[in-house]
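Working notes for the structure below.
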Amino acid sequence: MTEFQQKVYEVVRGIKKGSVMTYKEVAIAAGHPNAFRAVGSLMKQNYDREIPCHRVIRSDDKVGEYNRGGSERKAEMLREEGFRR
DNA sequence: TAGTTGACCGGAA
DNA sequence: ATTCCGGCCAACT
10 MTEFQQKVYE VVRGIKKGSV MTYKEVAIAA GHPNAFRAVG SLMKQNYDRE IPCHRVIRSD
70 DKVGEYNRGG SERKAEMLRE EGFRR
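Right under this line is the structure:
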C-alpha cells in the first residue's frame with residue numbers, strides 16, 4: 010500500500026454526494042499531478058463500496074468506464090445523485 | 001528485469 | 001467540432 014494509493018482512496022472516499030471529481034483532480038489531491046492514469050488503474054482494481062469510484066469522471070466531462078461491467082450504470086447513478094451531464 | 005496495457009489528458013491535425 | 005498521437009504512472013505478464 011503506497012501513500013499515493015491510500016491518499017487517492019481517501020480523497021475519493023471523501024467526495025460528497027452530488028459532487029464529482031476528475032481523475033486529474035484526484036491525482037493532484039493525492040500529490041501526483043500527472044498520475045491521473047494510475048488513479049483509474051487503482052479504481053478498477055478497487056471494488057470496495059466505501060470508495061465511490063463512480064463519483065470520479067474524466068476531464069472531458071465524460072463519465073468514463075466503471076467496474077461491474079456497466080459504464081451506463083455509473084452515469085445513471087451520477088444522474089440520480091444530482092450530477093447533470 | 002523489461003515490455004505491454006489501461007476506468008486518462010492535452011495538444012495537434 | 002471531432003479524431004489522432006504522444007506522454008505519463010501503476011499494475012500485469
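Under my numbering, the first sequence has 76 at position 67, and the numbering climbs by one with no breaks.
Ideal Cβ placement from N, Cα and C applies to all residues, glycine included.
From a predicted model like this one, the values you see are computed outputs, not experimental measurements.
As assigned by DSSP and simplified to three states, the class of residue i
i, result
"Ile-66", "strand"
"Met-52", "helix"
"Met-30", "strand"
"Ile-24", "coil"
"Phe-13", "helix"
Residue closest to residue i, alpha-carbon to alpha-carbon, out of the options
i, options, result
"Cys-62", "Met-10, Arg-46, Tyr-75, Lys-33", "Tyr-75"
"Gly-73", "Val-48, Arg-58, Asp-57, Gln-14", "Val-48"
"Val-29", "Arg-88, Glu-85, Ile-66", "Ile-66"
"Leu-51", "Phe-92, Val-21, Ala-84", "Val-21"
"Lys-25", "Ala-44, His-41, Glu-59, Ile-37", "Glu-59"
"Glu-85", "Asn-43, Asp-69, Asp-57, Gly-27", "Gly-27"
"Asp-70", "Thr-31, Tyr-18, Glu-19, Glu-12", "Thr-31"
Nearest-angstrom beta carbon gap, residue j and residue i [assumed within contact, 8 Å]
i, j, result
"Ala-39", "Lys-16", "4 Å"
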